[in-house]
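Participant: Okay, handing you the structure first.
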Amino acid sequence: MRRLVLVPFLIAFPALAFAAAGDDPQARIMGEWQRGDGQARVRIVPCGKALCAINTWIRDPASSEKVGDRLVMSVSPVDDATMKGKAYDPQRKLTFNVTIAVASRQRMTTNGCLLGGFLCKSVAWARLD
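The C-terminal position of the sequence shown is numbered 131 in the numbering used here, with every residue numbered one higher than the one before it.
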């Protein structure tokens, strides 16, 4: 399930300056992030009308997560700090509900749920760039 919430956090664009992002949570999440457990890093970038979280580094290359795996997220702002929508993991062919909470320019939390919200996982992220 760890893989499902790459926001990834899913989910490779240059980071946008926070000042330029204003109150737009979608613009604030662009850039490089490290998962709270230190096991993965992702770059969040626009991909078409969606956002993609692309794995850029995985601590354990023997895990099911691979560098280059991506998570495609179709999310919309709910308020100044939250986005909700769907995420698609093409490697596993899974679609799930995702919520992204942007606590600050440096911190965010992703929550991914499968099976109508029955199986959920939250992950904390720290900005690297």
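From the three backbone atoms N, C-alpha and C, an ideal C-beta is built for every residue, glycine too.
Just so it is clear, the structure is predicted and the values come from calculations on it, not from any experiment.
1) For the region 32 to 109, list the beta strand (DSSP E) runs that are entirely contained and at least 3 residues long, ordered along the chain.
2) For my contact list, M110 and I60 are in at a C-beta cut-off of 8 Å; report their separation, rounded to the angstrom.
3) Could you tell me the distance, in whole angstroms, from the CA atom of K88 to the CA atom of A64?
4) Using the C-alpha atoms, what's the distance from I46 back to E34?
5) Counting only the same chain and skipping the five closest in sequence on each side, list residues whose C-beta sits under 6 Å from that of V7.
6) In the DSSP assignment, find the unbroken beta strand (DSSP E) run with L130 in it and report its ends.
7) Going along the chain, which residues of its own chain have a beta-carbon closer than 7 Å to the beta-carbon of D71, five neighbours each way excluded?
8) Relative to the alpha-carbon of K68, which residue among L121, T97, C49 and Q41 has its alpha-carbon at the smallest distance?
9) Going along the chain, which residues of its own chain have a beta-carbon closer than 7 Å to the beta-carbon of V104, five neighbours each way excluded?
10) M85 to S78, Cα distance in whole Å?
Facilitator: Per the coordinate set shown:
1) Fully enclosed beta strand (DSSP E) runs of 3 or longer: 33 to 37, 42 to 49, 52 to 60, 72 to 81, 84 to 91 and 96 to 104.
2) The Cβ separation is near 19 Å, so there is no contact.
3) A direct Cα-Cα distance of roughly 28 Å separates K88 from A64.
4) Answer to the nearest angstrom: the Cα atoms are 7 Å apart.
5) Bear in mind that the predicted position of V7 carries a pLDDT of just 36, short of 50, making it unreliable; the figure below should be weighed with that in mind. Excluding sequence neighbours, V7 sits near T112, G114, K123 and V125.
6) Counting along the chain, L130 sits inside no beta strand (DSSP E), nor does DSSP assign it H or E at all.
7) Apart from sequence neighbours up to five positions away, the residues of its chain that approach D71 with a beta-carbon distance below 7 Å are N57 and Q93, ordered along the chain.
8) That would be Q41, whose Cα lies nearest to the Cα of K68.
9) So the qualifying residues of the chain are P27, R30, I31, A83 and M110.
10) Cα to Cα, M85 sits roughly 5 Å from S78.
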